[in-house]
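K.L.:
Protein chains in written order, with numbering that gives the first Met the number 0: chain S, 0 to 80; chain H, 0 to 373.
Got a structure for you, questions after.
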Amino acid sequence: MAELVWISIDESPVEVEPGTTVAAAILQSDTAGFRRSVTGEWRGPVCGMGICFECRVAINGQPHRRSCQAYCESGMVVRTK
Amino acid sequence: MSEPVYDVVIAGAGIVGAACAYACSREGLKVAVLERDFIGGGATAAGMGHVVVMDDSEAQFALTRYSQQLWQELASELPADCEYVRTGTLWVAADEEELIEVRRKHQFYSQRKVPSEILDSRSLDAAEPQLRTGLAGALFVKEDAVVYPPCVARYLLERSRDLGARVLLGKEVIRLDDEGAAFEDGTMMKGAVMVNAAGARAASLHPDLPIVPRKGHLLITERYPAFVHHQLIELGYLKSAHKSTADSVAFNVQPRKTGQLLIGSSRQYGMDSPEVDRSILSRMLARAGQYIPSLPGLSALRVWTGLRAATPDNLPLIGRCPGYRHVFAAAGHEGLGITTSLATARLLIDQLMSRAPAISSEPYSVQRNIAVHG
Ligand SMILES: Cc1cc2nc3c(=O)[nH]c(=O)nc-3n(C[C@H](O)[C@H](O)[C@H](O)COP(=O)(O)OP(=O)(O)OC[C@H]3O[C@@H](n4cnc5c(N)ncnc54)[C@H](O)[C@@H]3O)c2cc1C
Ligand code: FES
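Structure follows, in structure tokens:
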């Protein structure tokens, strides 16, 4: 079996299978949500295929990345809002 | 029953038409505004909303400075959605040659009491960390601001309405003459004074007006709060923007109150279609990327184009149209019409009321450009 990948989500370490998307990793973790809308509502993945932009999080300091389109890499730092 | 005769009939509800409507309504004049689409539907909703003092010529300086001061007065009454923020402008110098221009500009503004300050390379880094290092410096012009133009146009027209003005949307004027405004269905609206504020389409009402469209592209990003803090423009802009022959691009980035960034700018002649031109868009973004290296990593929401109303000498046309007694022009504001809208309205109303204007209106008179018919 391939080695697991470690990433950090809101400062908590999370361990996932290689090939896991960041969105899947967030769903597997006990993180409350993905992001908040301009009016403060919680938002999360809808389409899972890069179209709706609802799953955005900050990855390695870069805001507005679509978590359903990014694969976890060791040492990745993910931030939800 | 006969239709009323208005004191002032204005064709066009962009920011210029709206500012004129407000200035006239405040004098107690009975105003009608006729707009073929919707408020701000021309260049006003497509522009950047940078309120900026310029120094290409004394006449351009006088108009932009007068107008910028009028914006500062208006700011206190503007509702929040107009997003007036006094960001100031940073004119960025890439090299030593452009730094000479920074010093010249600084002296020009100082002599005319426009607050500005020279930033050296290091203070520029500190002021705007997203700019690449190694830029030569910048001129910080402190009283420049940004606004959200379509909301300002709407606000000015709401205030005009409160004062009794009539604003008709979806109403295209096909002829504007000494009698009034004529419509397709054969009806007319009569006025004592008519104002052509039709922006880039002004010449379709009065073909003698020397106005041609000059196309520009803009891009807006997702929200990146505090990414940059000032309106940022390359000084090379002055070299590229006003050549009337070739297409040009320049680094021009504006922070919006929402945290979004507006990225410009491009200039193209001989085009009046709204399509996005991918090749000039990529040139424009490549240019911006030369100043802000992290720019390509930002997420874009939309790209659109707008048409500036360009005149041969880059000054607007404000005043009586040749060949008419009661028809006035307030058009041809090129890339500065948001800035100069308020001063335009003042120059127009002073002319209508036969008052002395705060600055000479001579350089903007319609006659200056138009060959006298023999
Ligand atoms: C990409 C871009 C960036 C810009 N950035 C800036 C900036 O940062 N700062 C700045 O000061 N300026 C800027 N400008 C310039 C500014 O947007 C314009 O100068 C300004 O909006 C002109 O206002 P206006 O009311 O004259 O024209 P418009 O806003 O075009 O209004 C004219 C109106 O007349 C209507 N109309 C036309 N024909 C008729 C008719 N026959 N009957 C009835 N109605 C008619 C149109 O529908 C339109 O609503 C920019 C422009 C562009 C394109
Ligand atoms: S879930 Fe729709 S873009 Fe990611």
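Backbone N, C-alpha and C define an ideal beta-carbon position, used for all residues, glycine too.
1) Tell me the residue span of the beta strand (DSSP E) that contains H:Leu-33.
2) Kindly indicate which residue of H:Gly-48, H:Phe-182, H:Glu-95, H:Pro-148 has the alpha-carbon position closest to the one of H:Ser-120.
3) How is H:Thr-220 classed by DSSP in three states: helix, strand or coil?
4) Kindly indicate which residue of H:Leu-306, H:Val-211, H:Ala-93 has the alpha-carbon position closest to the one of H:Glu-274.
5) H:Val-7 and H:Val-30 - do their beta-carbons sit closer together than 7 Å?
6) Can you list the residues near ligand 2, meaning Cβ strictly closer than 7 Å to any non-hydrogen atom, in the order they appear in the chain?
7) Answer yes or no: does any C-beta atom of chain H fall closer than 7 Å to that of S:Gln-61?
8) Taking the beta strand (DSSP E) that H:Asp-6 falls in, what are its first and last residues?
9) For a contact defined as C-beta to C-beta under 9 Å, what are the partners of H:Glu-82 on chain S?
10) Quick check: the segment 60-80 of chain S against the segment 23-32 of chain S, are there 3 or more CB pairs under 8 Å?
11) If I'm right that S:Pro-81 touches S:Ala-1 with Cβ under 8 Å, what's the distance once you round it to whole angstroms?
12) Which residue's Cα is closest to the Cα of H:Ser-115: H:Leu-280, H:Val-32, H:Val-140?
13) Along chain S, which residues have their Cβ under 9 Å away from the Cβ of H:Gly-296?
14) Mind checking which residues open and close the beta strand (DSSP E) that includes S:Asp-39?
15) Assuming H:Gly-87 is part of the beta strand (DSSP E), what are its boundary residues?
16) First and last residue of the beta strand (DSSP E) that includes H:Gly-185?
17) Give me, in chain order, the residues of the same chain whose beta-carbon lies closer than 6 Å to that of H:Glu-171; leave out the 5 immediate sequence neighbours on both sides.
18) Going by beta-carbon coordinates alone, are H:Leu-69 and H:Leu-347 separated by less than 7 Å?
19) Do S:Pro-44 and S:Cys-67 have their beta-carbon atoms positioned less than 7 Å apart in this structure?
20) Please confirm whether any heavy atom of ligand 1 lies closer than 6 Å to the CB of H:His-49.
21) Hey, quick one: how far does the beta strand (DSSP E) through H:Gln-230 stretch, first residue to last?
22) Would you kindly report the start and end of the unbroken alpha helix (DSSP H) that includes H:Gln-71?
23) Hey, how far is the Cα of H:Leu-162 from the Cα of H:Ser-24?
24) Report the rounded CA-to-CA distance for S:Gly-60 versus S:Asp-9, giving the unit in angstroms.
25) Taking 7 Å as the threshold (beta carbon to beta carbon), is H:Glu-221 in contact with chain S?
26) Buried or exposed for H:Met-53, please, with buried defined as at least 16 other CB atoms from any protein chain shown within 10 angstroms of its CB.
27) Since H:Gln-106 is in the alpha helix (DSSP H), which residue starts that stretch and which ends it?
28) So, is H:Met-352 buried or exposed, given that buried needs 16 or more other C-beta atoms within 10 angstroms?
29) Using DSSP bridges, identify the partner residues of S:Pro-12.
30) Would you kindly check if the distance between the Cβ of H:Ala-329 and the Cβ of H:Thr-338 is under 7 Å?
31) What are the residues that DSSP puts in a beta bridge with H:Ile-117?
P.N.:
Let me lay it out:
1) From DSSP, the beta strand (DSSP E) with H:Leu-33 extends over 30-34.
2) H:Glu-95
3) H:Thr-220 falls in the strand class under three-state DSSP.
4) H:Leu-306
5) yes
6) S:Ala-22, S:Pro-44, S:Val-45, S:Cys-46, S:Gly-47, S:Met-48, S:Gly-49, S:Ile-50, S:Cys-51, S:Phe-52, S:Glu-53, S:Cys-54, S:Arg-65, S:Ser-66, S:Cys-67, S:Gln-68
7) yes
8) 5-10
9) Neighbours of H:Glu-82 on chain S: none; closest Cβ ~14 Å, over 9 Å.
10) Three or more beta-carbon pairs separated by less than 8 Å link the segment 60-80 of chain S to the segment 23-32 of chain S, which places the two stretches in contact.
11) In the structure as shown, chain S starts at 0 and stops at 80, and residue 81 of chain S therefore has no counterpart that could be examined.
12) H:Val-140
13) Gln-61
14) Here residue 39 of chain S is Gly; the residue named in the question, Asp, does not match the sequence. Note, S:Gly-39: premise wrong, no beta strand (DSSP E); not H, not E.
15) Segment: none, H:Gly-87 is in no beta strand (DSSP E) and carries neither H nor E.
16) That residue, H:Gly-185, is in no beta strand (DSSP E); it is neither H nor E in DSSP.
17) Arg-35
18) Pairing H:Leu-69 with H:Leu-347 gives a Cβ-Cβ distance that is not under 7 Å.
19) yes
20) yes
21) Per DSSP, H:Gln-230 belongs to the beta strand (DSSP E) from 230-233.
22) Per DSSP, H:Gln-71 belongs to the alpha helix (DSSP H) from 57-74.
23) 6 Å
24) Each residue's alpha carbon lies about 12 Å from the other.
25) Yes, contact with chain S.
26) buried
27) 95-110
28) exposed
29) Residue pairing by DSSP places S:Pro-12 opposite S:Ser-7 in a beta bridge.
30) no
31) H:Leu-138
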